[in-house]
Structures are given as structure tokens and as C-alpha cells.
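Sequential numbering from 192 applies to the sequence shown in our numbering.
All C-beta atoms in this analysis are idealised placements derived from N, C-alpha and C, irrespective of residue type, glycine included.
Everything below concerns the one structure shown next.
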Amino acid sequence: MSARDSSDETGWPLTRTERDWNRWQLFAVLLVTAAATWCYIIGEYVGYYLNLRMGFAAMTAGSMIGMLLVTLAVVPPATRFGIDSIASARPQFGDRGWIITVFLQYASIIGWNCLLMIFFGKSVDQLLQTLGLITPDTGDWVLRGLTILACIFVYIVLLRGGTGLELVSKVLFFFIVGIGGWMTWILVTRESGVLAEAKPAYASGSLRWDYVTGVEIGIVSLLSWWPYIGAMVRKAPNAGGATLPAMLGMGLPVPILSVVGLAAILALQVSDPAAWLVQLGGPTYGVIALLFVIAANFGTTLAGVYATAIGLRQVPALAETRWGVLMLFALVPVAAVSLFVPDLFFNNFGTFLAFIGVSFAPICAIQITDYLILRRQRISIRAVFVGGPGTDYHYWGGFNPAAILAMVAGFVTYLYLLNPVTYASRAPYDYLTASLPTAVVAGVVYALVTVLLVRPSGKGGYE
């Protein structure tokens, strides 16, 4: 760590005096993080299968289930010891095996940030074309140029670390809540008749399957908060001060904002507010929508880059790297994808969501099973950061076979139940979703291997 890096820019545990965010500060940061334009794309995907009423119910149920899993997995250890999501997974994966979680965090957040930046560029492109300021031929260059400028802006703000994130969140909080509510009101009141008659374009014919798929989309969308949440809730003084902000600040805004995309795709066949607000209210409404897109995506991208940089601190080769350089690791891939393959990435959003479910449902189950049940909330914080032979979390060569086998079992379970590319499914998917059985199988496998092999071998620091 550079001497000029502040305490909240390090991967080390925060002391109690450094954990100074109260419930409202944490709630504001988490809400601004959650309220991104990916909500409209989530709503769009649910709108392919369900009408407005059923779609909102499915998204709400799925989102709160997914957020509960993430909260149970990360919030207790993160708030007790002042550590991020990556550090909280070391007792389960081992002092070398935790690199699996670093890779998954990195890939997940980079993916979401790419999605946000591309959505932002497409919104600006759409609005400028509607206003007649550019032609379709120049739209791709506008998208690419704006993405680079947005990445530079994020970099500058986060040079202040968590302080910059918290200050910006205070400003964006009221703007996002206000404009988001206004857009929902405009759409529902002006298109109420169309919405009442709208039919999902890709409904399967089985309402149960369609509803469960809506729930599944909600679950996997919220499981993606696992990489983000630890870096922020570790600033709270205790779990009691973080649990409610996490559930309401990160869990509830997603279905509430996603209903905008859901209603828009049903009534107007487009989820981008910069496009449909122009249809309803002309250029002025389009500009307001664009400002909302900028504010919402900016807040979430800030949180993602911050969480990624904190997670990369756990990699020994990057432990002494300057904060500004770590942020480049988080931003350069986003810029590269947005420059070279924006449409390819954007058009495969459904597959990306399935990757989230395959990866983070098992991780959450493993952490819940281990920390809350097997260890009874007792870990060695020293062993989390000081590894090697003879230490509690070295296991066999630094890898815990229980975690590896549980991840594999979860992966196989998910792929058996749901094809992430075609969305073809097998029973009992249409009753249980894919993520929940995946989590259960991973948790059971982890517990069995731990009880039968790891603990009798004297590994893992179990009492």
C-alpha cells in the first residue's frame, strides 16, 4: 500500500473508528449503487415472459430472495471485522483458493460496468439521433467517445477513495429517487390502457414457468451484489446497522426501477427511457431521461470500480500498488469492451445473468453454511491475512477441497436445470428456479465434505 493511500483504499480490516457510516449514509450509497439502468434491461427481460402485475411480483420476490442470500453471506463477517467480500471468503476457499473469488468478482463487476457504459452511450446516441444532431453513421463513434470520457470521470472522482463515493452518493440520491418516480408515473398514467392489454412477446404458454423465470432473473440479478456489498458495508459499525440498509437499499430499488423497463417493453417495445420518453413528451423529456441515465450509471460504476480495486488489494502482487493504478485495472477492460465489441456484449445480457447465478449462488451458500453454521461466526482474522503452511486456512496447498467440490456441484446443478444460452430447462426448474437448488446443493456438499474430511483432518481452524 502506498503511504498516500487512505485506510479505506486498503484491503486491510478497518478499525472501529474507521467504520463511520451510519445507516442513512450506507443506505444512500447502496441505493445509488443499485439504481442503475441495468434495472430497465432486467425489466425488459422479465417483460418477455410476464405482464406488468405478474412481472413486478416475480421481480420483487426474486430480488429479495437474492438479496437475502447475499446479506447472510457477506454482511456478518464484513461488518464484524471491517473486511470486504473477497477477504470474507478466505476461510472457506483457503489462502490460495480465494483467488477464485477475486476472478469472479473482477469478471462480474467488469461485466456490469461494461453494460452500464454501453447503455449510457446508446442512450446518448439515440437521443442525439432523435434530435437530428447526428446521423446513424456517426452513432458508433459517439458511443465509444462518451464511454472513454465517462471512464476518465469515474477515475478522477475515485481518486478520493470511499470519501468520493460517499459524497457523490449524497448528491445523486435525491435526483435518482425523484426522477425515477417521475418516469414511473409518466409511463403508467399515459399508457395504462396499453399496459392493461399488453401481452408478453415470448411467453412460453406455461404461466408457472414464466413466473419462475421472472423470479430467477430477479435472484441472479441480486446475487451480483456479492462482489460489491462487502466493500461498502465494512464501513458500517456493526451488522445491525447494515442489514436493513442492505435489504432496502440494494434489494428493493431493483424491482421498483425495473418495473419501468417492464412497462416500457410491454407498452412501447423499448426499455431505454431516453428513447420512450421522447415518444411520450418530446426532446425535453428525452433530455431529462438522459440526465437520469448518466446519474444512475455513474453512481453504480463508481461503486463497482471502488469494490474491484479493494478486492484486487488482496492479490499479493498488487498489495503495494498505488490506488490510482488499481483503478486502471478496473477501468481499462471496460473501455476496451465498449470500444471494440459493445454490441456483442450488450446483446448477450441473458447469458451474462446466468453466469452470475452459476458463480455466486454457490459462493453465498458456502459462506452461509460455513460462517453461520459450522463456525458459529468465529474465524481467525489474523489467518485471513497471514497465510502459509501451518496456518488455519492453508488447508491442502492453500485450497479447501470442500469449497472446490461445492462450487463444481453447484455449477453442474445450475446447468442441469437451466441452459444459460437457450433458457431451455429441466424439472424441477419450473417449481424451484435454478439458483435456489444450486445454492442448496452447494451448501450441502460443502457441509458434508467439511464434516467428513476437512474437520477430522484438523484443517480449517474448526473448533
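If you keep only unbroken alpha helix (DSSP H) runs of at least 4 residues inside the region 204–239, you get 214–225, 229–238.
With respect to Leu482, Tyr476 sits apart: the two C-beta atoms are not nearer than 7 Å. About 6 Å separates the CB atoms of Asn242 and Ala389; that is less than 8 Å, so the two are in contact.
Between the alpha carbons of Leu205 and Ser415 lies a distance of about 24 Å.
Secondary structure within the region 283–327: not one fully enclosed beta strand (DSSP E) run of 3 or more consecutive residues is present.
Following the DSSP letters along the chain, one finds Glu388 inside the alpha helix (DSSP H) bounded by residues 383–388.
Within the model, the alpha-carbon separation for Thr262 versus Cys555 is close to 9 Å.
When the Cα atoms are used, Arg351 and Phe344 turn out to be separated by approximately 12 Å. Taking 7 Å as the cut-off, the beta carbon of Thr228 is found closer than this to the beta carbon of Phe310.
Each residue's CA atom was taken as its position, placing Cys230 and Ser276 some 23 Å apart. DSSP, read as helix, strand or coil, puts Leu241 in coil. Three or more Cβ pairs drawn from the region 299–309 and the region 529–537 lie within less than 8 Å of each other, which places the two stretches in contact.
Shown here for Tyr620: same chain residues with a beta carbon closer than 6 Å to its own, the five before and five after excluded, namely Leu608, Leu609 in chain order.
Buried is the label assigned to Tyr240, since at least 16 other Cβ atoms lie within 10 Å of its Cβ. Contact between the region 510–520 and the region 286–293 is absent, with fewer than three C-beta pairs closer than 8 Å. Within its own chain, the residues whose Cβ lies closer than 8 Å to the Cβ of Leu259, once the five positions on either side in sequence are excluded, are Met438, Gly442, listed in chain order.
Considered as a whole, the region 374–459 harbours 383–388, 398–414, 417–424, 431–437, 444–458 as its complete alpha helix (DSSP H) runs of no fewer than 4 residues, in chain order.
Between the region 622–642 and the region 576–589 there are fewer than three inter-stretch CB-CB distances shorter than 8 Å, so the stretches are not counted as touching. Sixteen is the threshold: since fewer than 16 other Cβ atoms of the shown chains lie within 10 Å of the Cβ of Thr542, the residue is exposed.
CA-CA distance, Arg281 to Ile557, rounds to 11 Å.
A Cβ-Cβ distance of about 11 Å is found for the pair Ala225 and Phe364, leaving them out of contact under the 8 Å criterion. Judged by beta-carbon spacing, Pro428 lies beyond the 7 Å limit of Arg573, meaning their Cβ atoms are not closer than that value. When the Cα atoms are used, Glu235 and Gly452 turn out to be separated by approximately 5 Å. Sequence-distant partners of Phe520 (beyond 5 residues in either direction) whose C-beta falls short of 7 Å from its own C-beta, in its chain, are Leu503. Under the DSSP assignment, Asn488 falls in the alpha helix (DSSP H) whose first and last residues are 474–503. Ranked by Cα distance from Thr491, the options Pro418, Ala593, Ser529 are led by Pro418. Distance from Ser299 to Gly409 at the Cβ level is roughly 17 Å; contact not present, criterion being Cβ atoms closer than 8 Å. Between Val406 and Phe247, the C-beta gap is not smaller than 7 Å, which leaves the two residues out of contact. By the neighbour-count definition (other C-beta atoms within 10 Å, threshold 16), Asp328 is an exposed residue.
Excluding five sequence positions before and after Val636, the CB atoms of its chain that fall closer than 7 Å to its own CB belong to Leu596, Ala597, Ala600, given in chain order. Beyond the five residues adjoining it in sequence on each side, Leu221 comes within less than 7 Å, by CB distance, of Met423, Pro436, Ala437, Gly440, Met441 in the same chain, given in chain order.
For Leu609, the beta-bridge partners assigned by DSSP are Ser616. Listed as beta-bridge partners of Trp587 by DSSP are Phe590. Distance from the Cα of Ile570 is smallest, within the candidate group Ile232, Val603, Leu217, Ala278, for Ala278. Secondary structure note for Ala508: it is in no alpha helix (DSSP H), with a DSSP letter that is neither H nor E.
CA-CA distance, Phe537 to Trp303, rounds to 10 Å.
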